[in-house]
Amino acid sequence: MRLAVLAILLAGAVNTPVSGHHGTAASYDESKQVTVRGKVTEFWWRNPHSALFIDAVNDNGERVNWSIEMGSPGVLTRAGWNRRMLGAGDMVSIVVHPSRAGTPVGVCANPCNVTANGKTLSVREP
Amino acid sequence: MKLSTRHVTAMVGLAAMLCVSAASAQTANLSGVWLGAGQQGGKFTQWLKADPPFTPDGLARFNANKPGKGPRQTPPAFGNDPLGDANPPGLLRTLVYFRPIDIIQLPDRIVQLFEYAHFWRTIWTDGRAVPEDPGPYWYGYSVGKWEGDSLVVQTVGLDARAWMDEWGTPFSDDTTITERWRKVDANTMQLTITVNDPRTFTKPWTSDVRTLKLQPKGSPNGELLEVIFAPIDEKEFNDRVRDPAGGRVK
Numbered sequence: 734m735r736l737a738v739l740a741i742l743l744a745g746a747v748n749t750p751v752s753g754h755h756g757t758a759a760s761y762d763e764s765k766q767v768t769v770r771g772k773v774t775e776f777w778w779r780n781p782h783s784a785l786f787i788d789a790v791n792d793n794g795e796r797v798n799w800s801i802e803m804g805s806p807g808v809l810t811r812a813g814w815n816r817r818m819l820g821a822g823d824m825v826s827i828v829v830h831p832s833r834a835g836t837p838v839g840v841c842a843n844p845c846n847v848t849a850n851g852k853t854l855s856v857r858e859p
Numbered sequence: 132m133k134l135s136t137r138h139v140t141a142m143v144g145l146a147a148m149l150c151v152s153a154a155s156a157q158t159a160n161l162s163g164v165w166l167g168a169g170q171q172g173g174k175f176t177q178w179l180k181a182d183p184p185f186t187p188d189g190l191a192r193f194n195a196n197k198p199g200k201g202p203r204q205t206p207p208a209f210g211n212d213p214l215g216d217a218n219p220p221g222l223l224r225t226l227v228y229f230r231p232i233d234i235i236q237l238p239d240r241i242v243q244l245f246e247y248a249h250f251w252r253t254i255w256t257d258g259r260a261v262p263e264d265p266g267p268y269w270y271g272y273s274v275g276k277w278e279g280d281s282l283v284v285q286t287v288g289l290d291a292r293a294w295m296d297e298w299g300t301p302f303s304d305d306t307t308i309t310e311r312w313r314k315v316d317a318n319t320m321q322l323t324i325t326v327n328d329p330r331t332f333t334k335p336w337t338s339d340v341r342t343l344k345l346q347p348k349g350s351p352n353g354e355l356l357e358v359i360f361a362p363i364d365e366k367e368f369n370d371r372v373r374d375p376a377g378g379r380v381k
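Chain order of the listed sequences is W and V. Residues in the first sequence are numbered consecutively from 734, following my numbering. Residues in the second sequence are numbered consecutively from 132, following my numbering.
As structure tokens, then:
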């Protein structure tokens, strides 16, 4: 299966403030959304934030490993998530606000929806 | 009338109960898990919508702090938030953050357990004096007394390497904080702090009212979780997420 990054740039999209701690909004462009699809290489269940790493392929056919900032384990736990809900090898799709710096890094949009192996997980940051 | 031993015992018991009741009326029971609101503040600090009265030195230190959040937010990759290296948030920043606080009220002290960064502090209510020049401590040294139904806490000895809030508001080693905690109903508590710090502010100022709600047992925030910022995790997060997000790649 071909991995793909589908970039959907939604200028002027509804801007939901991201309120994770220490400086999320400053690093990411909340006016844009990018859908990242691919295979999970790592899932961190740890503070200060959980993180999901995804191997995807860009429009030039190059493999890119995305780093995606997620909620803290506390926020995810309160939404019913646990550390085994995602793991290496899972095929996922996730909508992120991309880095303002143009690096392959994003923060999961709020609410954060991750479709993994055909099932969607959701969490809203407080 | 001659009183029997039983009557005397009953009267003494009743008197004791009345005494306990009268003593209880002097205080409120603050025990429970409380959660404050997330968004507040003005142009400078989360504690106050108005502009705090900075001294020139205080304003210079404010401008030197580069927070990742608030009106002056900068990508953390290029900021200097002490939390970015997993240092403790300290007392004031914890009190203004929206994570649960578990309050345990004992006869001689009140213990506050903070989910945010997994710290605690003690407020001594045993009549002791506020010590002279203690610390510095990230969570200060606190002595409380009851004024009617308000718990009034003097906190001194705060370590000024911490920030007062998420937005980089500074304070100095000379700071004295007066906290007022008051339950306005069974499920609602209000907190204000008065900041007396002549090095940072030209005059004492009192924060806006911070409202906290009691979190029922079994509710999502009714129990504290472990939220430890471990340096080993923070460093890897910085290297692989936070710094590249800001465009800083090693």
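Every residue, glycine too, gets a C-beta built ideally from N, C-alpha and C.
For residue j and residue i, the rounded distance between their alpha carbons
{"i": "E357 of chain V", "j": "L809 of chain W", "result": "13 Å"}
{"i": "H755 of chain W", "j": "P220 of chain V", "result": "Because the pLDDT at H755 of chain W is just 46, under 50, the model does not fix this residue reliably, and the value given afterwards should be weighed accordingly. Their Cα atoms are separated by approximately 11 Å."}
{"i": "Q204 of chain V", "j": "G215 of chain V", "result": "14 Å"}
{"i": "L854 of chain W", "j": "T309 of chain V", "result": "44 Å"}
{"i": "P207 of chain V", "j": "A759 of chain W", "result": "8 Å"}
{"i": "G100 of chain V", "j": "W312 of chain V", "result": "Because chain V is modelled from 132 through 381, residue 100 of chain V falls outside the range shown and cannot be assessed."}
{"i": "W778 of chain W", "j": "S162 of chain V", "result": "31 Å"}
{"i": "G349 of chain V", "j": "M320 of chain V", "result": "20 Å"}
{"i": "E365 of chain V", "j": "H782 of chain W", "result": "9 Å"}
{"i": "D182 of chain V", "j": "G172 of chain V", "result": "10 Å"}
{"i": "W277 of chain V", "j": "W178 of chain V", "result": "23 Å"}
{"i": "M803 of chain W", "j": "D823 of chain W", "result": "16 Å"}
{"i": "A291 of chain V", "j": "E858 of chain W", "result": "30 Å"}
{"i": "G169 of chain V", "j": "N793 of chain W", "result": "42 Å"}
{"i": "N846 of chain W", "j": "D304 of chain V", "result": "45 Å"}
{"i": "R371 of chain V", "j": "V261 of chain V", "result": "45 Å"}
{"i": "A191 of chain V", "j": "R379 of chain V", "result": "26 Å"}
{"i": "Y268 of chain V", "j": "V326 of chain V", "result": "17 Å"}
{"i": "D339 of chain V", "j": "L785 of chain W", "result": "38 Å"}
{"i": "A293 of chain V", "j": "A195 of chain V", "result": "13 Å"}
{"i": "E367 of chain V", "j": "R373 of chain V", "result": "9 Å"}
{"i": "P831 of chain W", "j": "R816 of chain W", "result": "24 Å"}
{"i": "N369 of chain V", "j": "P837 of chain W", "result": "15 Å"}
{"i": "M295 of chain V", "j": "G851 of chain W", "result": "45 Å"}
{"i": "P187 of chain V", "j": "L819 of chain W", "result": "51 Å"}
Contacts around residue i, its chain only, beta-carbon distance under 8 Å, and the 5 residues preceding and following it disregarded
{"i": "R252 of chain V", "result": "L222, V242, Q243, F245, Y270, G271, S273"}
{"i": "N318 of chain V", "result": "K344, L345"}
{"i": "K197 of chain V", "result": "R203, T205, F209, G210, N211, D212, G299"}
{"i": "P362 of chain V", "result": "D216, A217"}
{"i": "N352 of chain V", "result": "V164, L166, P231, Q346"}
{"i": "G377 of chain V", "result": "P206, P207, A208, F209"}
Cβ-Cβ distance between residue i and residue j below 8 Å
{"i": "T323 of chain V", "j": "T333 of chain V", "result": "no"}
{"i": "V856 of chain W", "j": "W814 of chain W", "result": "yes"}
{"i": "A849 of chain W", "j": "E775 of chain W", "result": "no"}
{"i": "P265 of chain V", "j": "V284 of chain V", "result": "no"}
{"i": "T331 of chain V", "j": "F185 of chain V", "result": "yes"}
{"i": "T408 of chain V", "j": "F250 of chain V", "result": "The first residue shown for chain V is 132 and the last is 381, placing residue 408 of chain V beyond what the model contains."}
{"i": "E297 of chain V", "j": "G201 of chain V", "result": "yes"}
{"i": "G839 of chain W", "j": "Y761 of chain W", "result": "yes"}
{"i": "V828 of chain W", "j": "A842 of chain W", "result": "yes"}
{"i": "G189 of chain V", "j": "P301 of chain V", "result": "yes"}
{"i": "D239 of chain V", "j": "D257 of chain V", "result": "yes"}
{"i": "I801 of chain W", "j": "V767 of chain W", "result": "no"}
Proximal residues to residue i (C-beta, below 7 Å), its chain only, five neighbours per side dropped
{"i": "N780 of chain W", "result": "S805, P806"}
{"i": "D788 of chain W", "result": "L736, G771, K772, T774, R796, N798"}
{"i": "P124 of chain V", "result": "Look at the range of chain V in this structure, 132 to 381, and you will see that residue 124 of chain V is not part of it."}
{"i": "Q236 of chain V", "result": "N160, L161, S162"}
{"i": "R259 of chain V", "result": "V274"}
{"i": "T158 of chain V", "result": "W277"}
Same chain, Cβ closer than 6 Å to residue i, five either side skipped, listed in chain order
{"i": "T306 of chain V", "result": "L289, D328"}
{"i": "R341 of chain V", "result": "G167, L322"}
{"i": "A156 of chain V", "result": "Unreliable positioning characterises A156 of chain V in this predicted model, as indicated by a pLDDT of 44, which lies under 50. The coordinate reading is nonetheless provided below. Same-chain partners within the cutoff: there are none."}
{"i": "Y228 of chain V", "result": "Y247"}
{"i": "G199 of chain V", "result": "P207, G210, D212"}
{"i": "L282 of chain V", "result": "G275, W312"}
{"i": "I254 of chain V", "result": "I241, S273, G275, V284"}
{"i": "K314 of chain V", "result": "A159, M320"}
According to DSSP, residues forming a beta bridge with residue i
{"i": "G167 of chain V", "result": "V:L343"}
{"i": "N846 of chain W", "result": "W:S855"}
{"i": "V829 of chain W", "result": "W:V767, W:C841"}
{"i": "F250 of chain V", "result": "V:F245"}
{"i": "F332 of chain V", "result": "V:F185"}
{"i": "P359 of chain V", "result": "Here residue 359 of chain V turns out to be Ile, not Pro, going by the sequence shown. Looking at the DSSP assignment, I359 of chain V forms no beta bridge with any residue, so it has no partner."}
{"i": "V805 of chain W", "result": "Looking at the sequence shown, residue 805 of chain W is not Val but Ser. Answer is none; S805 of chain W lacks a bridge partner."}
{"i": "S281 of chain V", "result": "V:E278, V:R313"}
{"i": "M320 of chain V", "result": "V:K314, V:L343"}
{"i": "R240 of chain V", "result": "V:W255"}
Chain B contact for residue i (CB, 8 Å cutoff)
{"i": "R811 of chain W", "result": "Protein chains W and V are contained in the structure displayed, whereas chain B is not."}
The ligand GTP heavy atom lying under 7 Å from the CB of residue i
{"i": "V790 of chain W", "result": "With respect to the ligand GTP, the structure shown offers nothing to examine, as it has no ligands at all."}
Do the region 357-368 of chain V and the region 338-345 of chain V make contact, defined as three or more Cβ pairs closer than 8 Å?
-> no
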